[in-house]
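The opening position of the sequence shown corresponds to residue 152 in this note's numbering, with each subsequent residue numbered one higher.
Glycine residues also receive a C-beta, built at the ideal position from the N, C-alpha and C atoms.
As the structure is a computational prediction, the values presented were derived from the model and not from experiment.
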Amino acid sequence: MQLCETAEGNSALLGLRLHRAAKLALRLALLLLALAATLAHAATITWDGGGGDLSWQNPLNWSGDQVPGPSDDAVINVAANVTIVCNADVTVRSVQCQGGLLISGGVLTVTAGSSFIDGTFTLLASQKLIANGGGVVFAARGTTVIRGHLMANYDAAIVLTNVTSLVVSDADMNVEAGTWGGGLVDLSGVTNVVVGPSLSLVIRASNGSRVDLSRARITGNIASVYVSGAGSVVDLSGLSGEWGTSSLYLSTLDAKNGGTLLIPNVTGLTNVNLGLTGPNGTPTSQLRSIRQGRLDAWDVAPDVSNLTNVDGCQITANSGAVLNLGQVTAAPRTAAASGGSVILLTNVTSLVVSYSYQGLVAGCNGPEGLLDLSRVTNVVVPAGSQLYVGTCNGGHVNLPALESITGGSANFLSDGAGTVIDLSRLSGFLTPQGASSLKAQNGGVILINNSAVFLLANVAVTLPGLIVQATPAMVLHGQPWHSYWVEQRDTRQADSPWTFAARVPVTNTFQTFAPAPPPNAAFRVWEFVGDPATGKPLLDIGGVAPQAAQLVLYAMTNRTCRVETTNSLDRLPAAWAPWSADVLMTNSFRLFPVPVTEAKRFFRAREL
């Protein structure tokens, strides 16, 4: 009985296996039939011209009266002076044409093997030539005119070495390699590229691809070049000297993530946004100027050691980038260092605002950042212009040598813990031509001179322990019973020297110095005791009218001095007599009233 049941079980198992084998055989047969059908459909379709015209889209012009499709190779055996016209989207494995081919509408896509055009190949504006797939090569071997878009993807190549010029005249043009996968667009025969008014040219290489325009000059309107990914290259070695475009908008040269933009012969850029991100092989050491454009650096330290001119340029450094602009002598239009990045402008000694707005910031686009202007000694802001210096998120702006600010509006803001603006030497801040401010908030710090000495006009100050309301008058803020030396210079001349303006004895925390600043004058102040040159006692006349005249004695503290007088110096030695009792200096100065009845009197002071 058991043997019988076992035999029945084995029989059922065998039947199940036979059923599965039959199903597998059926699937295999169907797969082979599908493959055979595909192979049968894939064919070489030849042009026979039976339609009586030159239209690619006319099926009567092809063998079998069938237009080549995505699985077909198109072969056109016509005379070299015969041009076939394609005016709709076409995808084929390949096209081999002994005559000419005109793409007047739509997209021509090739996906396998080698394609060539022996006659004239023309791609009109707004139309596309696309090559997709490894081993795919599209080559135009005769006269070639390109006005439309070129795209090589998945390691395909478009070789158009007979093109000598690209003219962007009727619509924008894109030249792209490797948007998907690698690729090559070879335009190495092009010597001249012209971008028409209101139009743009975009050149792009990604994912290890290459665009070769190594002999080309580019002129006209906007040209934007993007290269991204290790091994990606856009070769623009033919550009030389000063390069830029005539557009009101910026052209772009952007390399990132290991891509290389070859511009070894370009020494200057105008109206161009130069973007450098991450490790890349873009040569920059040859650059002398970047004017009226942008320089954006991300996570990179490019060699810009020969860059001297950044007039009108907007400069940003982000994500740990370092821009050492040590040869630049005039500050850019804007500079922003964020994300732990550094911008060094250590050769700028005078900051003259040349724009309606000039901004210098650190940390405002990301935590931390350093903007170093450590050699700037003076700032001049013309009427109607504005300077803004700001820090936040732990950013630092270094201006430790700055002594004077004058002219129009200048505003300084340090906002947030860890943020610092170093103005530790600033003493003259007078802007009669625009309202200005000096403000630290939310834990931000503005470093000022140790004595908190300022000569201010039209400046509001909000600092811990120092609140000053803006007033048009020149007001000297200092420490009571300290004396201050004031100098001025003419800001209309860059090399104008500092000259003596006044000695000011301060009896309170502030003292009005003059009703308003004179035009085109910068001021600086420092504390002094006695003659700055010799340290000996120094006499001065204070007051603005005879009735308010005062004799001021400046001398070192804890020294005894004598003031002497005579009414004649006609006969030497003069007969000097004590003017008052000897003075023990408890402060840096002492005031003496001068009688207004004296017709003539001379004074001197000496230390006992």
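Point to revise | N212 (DSSP reduced to helix, strand or coil) | key: DSSP, reduced to helix, strand and coil, places N212 within a helical segment of the structure shown.
Point to revise | Which residues DSSP lists as bridging W449, in chain order | key: Answer by DSSP bridge pairing, in chain order: T428, N469.
**Study point:** Separation of G432 from S266, as counted between CA atoms
**Key:** Those two C-alpha atoms are separated by around 33 Å.
Review point. Who pairs with V336 in a beta bridge, going by DSSP?
Key: Paired residues: I309, V362.
**Study point:** Distance between beta carbons of I309 and L350, contact taken as under 8 Å
**Key:** For a cut-off of 8 Å, the C-beta gap from L350 to I309 is around 21 Å, too long to register as a contact.
Check your understanding: Helix or strand or just coil, what does DSSP make of N475?
Key -> Judged by DSSP in its simplified three-state form, N475 adopts strand.
Practice item. Return the CA-CA distance between K590 and Q639, expressed in angstroms with no decimal places. Key: Using only the alpha carbons, I get a separation of about 25 Å.
Exercise for review: Using the Cα positions of L742 and Q701, report the straight-line distance between them to the nearest angstrom.
Suggested key: Near 6 Å, if we compare the C-alpha coordinates of Q701 and L742.
Review point. Helix, strand or coil: how does DSSP classify Y635 here?
Key: DSSP, reduced to helix, strand and coil, places Y635 within a strand of the structure shown.
Check your understanding: Would you say V362 and A322 are within 8 Å of each other, going by their C-beta atoms?
Key -> Contact annotation: V362 and A322 have beta-carbon atoms that are not nearer than 8 Å.
Exercise for review: For M707, collect the residues of the same chain with a Cβ closer than 7 Å to its Cβ; drop the 5 residues on either side in sequence, then sort them by chain order.
Suggested key: Only V680, G681, G686, M736 meet the Cβ criterion.
Exercise for review: Pull up the distance between the alpha-carbon of R675 and that of N358, whole angstroms please.
Suggested key: Straight-line Cα distance between these residues: approximately 58 Å.
Exercise for review: Could you tell me how far apart the beta carbons of G629 and V657 are, in whole angstroms, since I believe they sit closer than 8 Å?
Suggested key: With a Cβ gap of about 5 Å, G629 and V657 count as contacting.
Practice item. Starting from E678, trace the beta strand (DSSP E) both ways and give me its first and last residue. Key: E678: member of the beta strand (DSSP E) spanning 672-678, first to last residue.
Practice item. Verify whether the separation of the beta carbon atoms of I572 and V548 is less than 8 Å. Key: Going by C-beta atoms, I572 is nearer than 8 Å to V548.
Check your understanding: Count the other CB atoms within 10 Å of the CB of G559; is the residue buried (16 or more) or exposed (fewer)?
Key -> Burial check for G559: the Cβ neighbour count within 10 Å reaches 16 or more, so the residue is buried.
Exercise for review: Counting only runs of 3+ residues fully inside the segment 359-429, write out the beta strand (DSSP E) ranges in chain order.
Suggested key: Within the segment 359-429, complete beta strand (DSSP E) segments of at least 3 residues are found at 361-363, 368-379, 384-386, 392-395, 402-407, 411-413, 417-421, 423-428, given in chain order.
Review point. Hey, quick one: how far does the beta strand (DSSP E) through P648 stretch, first residue to last?
Key: Looking at the DSSP string, P648 is not in any beta strand (DSSP E), and its letter there is neither H nor E.
Review point. Taking the alpha-carbon positions, what's the T260 to A374 distance?
Key: Rounded to whole angstroms, T260 to A374 spans 25 Å at the Cα level.
Practice item. Between the Cα of D646 and those of N408, T528, N325, Q247, spot the shortest distance and give me the residue it belongs to. Key: Here the closest residue by C-alpha is T528.
Point to revise | Nearest-angstrom Cα separation, counted from N544 out to P518 | key: Approximately 5 Å, taken between the alpha carbons.
Review point. Do you know how far the Cα of V637 is from the Cα of A653?
Key: Rounded to whole angstroms, A653 to V637 spans 5 Å at the Cα level.
Point to revise | For S357: DSSP bridge partner residues | key: Beta-bridge pairing links S357 to S379.
Review point. Under a three-way DSSP split, which group does D573 fall into?
Key: Judged by DSSP in its simplified three-state form, D573 adopts strand.
Check your understanding: Which residue comes first and which comes last in the beta strand (DSSP E) that contains Q537?
Key -> DSSP places Q537 inside the beta strand (DSSP E), whose first and last residues are 529-543.
Point to revise | One or two residues paired with V610 in a DSSP bridge | key: Partner(s): S587.
Practice item. Mind reading off the beta-carbon distance from N325 to R292? Whole number of angstroms is fine, and I expect it under 8 Å. Key: Contact doesn't hold; Cβ gap of about 23 Å is too wide.
Exercise for review: Would you please state the rounded distance, in angstroms, between the beta carbons of V346 and N372? I believe it to be under 8 Å.
Suggested key: In this structure V346 is in contact with N372, their Cβ atoms being roughly 4 Å apart against a cut-off of 8 Å.
Practice item. Grab me the residues of C515's own chain with a C-beta within less than 8 Å of its C-beta, minus the 5 sequence neighbours each way, in chain order. Key: Excluding sequence neighbours, C515 sits near A487, S489, G541, T542, C543, N544, G546.
Practice item. Quick one: give me the first and last residue of the beta strand (DSSP E) that G693 is part of. Key: Counting along the chain, the beta strand (DSSP E) containing G693 begins and ends at 689-693.
Review point. Is the segment 416-428 touching the segment 442-452, taking contact as three or more C-beta pairs under 8 Å?
Key: With a cut-off of 8 Å, the segment 442-452 and the segment 416-428 count as touching, because enough Cβ pairs lie within range.
Review point. In chain order, what residues of the same chain lie with their CB nearer than 6 Å to the CB of A172, ignoring the 5 residues before and after it?
Key: In this prediction, A172 scores a pLDDT of 46, lower than 50, which makes its location untrustworthy; the coordinate-derived value is nonetheless stated afterwards. Around A172: no qualifying Cβ.
Check your understanding: For the beta strand (DSSP E) that R439 lies in, which residues bound it at each end?
Key -> From DSSP, R439 is part of no beta strand (DSSP E); its letter is neither H nor E.
Point to revise | Cut-off 6 Å between Cβ atoms - residues of its own chain near I494, not counting five sequence neighbours on either side | key: Taken in chain order, the residues that qualify are A468, L474, A486, A488, L522.
Point to revise | Neighbourhood of R755 by C-beta distance below 6 Å, restricted to the same chain and skipping five residues each side | key: Cβ neighbours of R755 within its own chain (closer than 6 Å, five residues either side excluded): E715.
**Study point:** Reference S383; option with closest CA among G334, S575, T660, S365
**Key:** Comparing alpha-carbon positions, the option among G334, S575, T660, S365 lying closest to S383 turns out to be G334.
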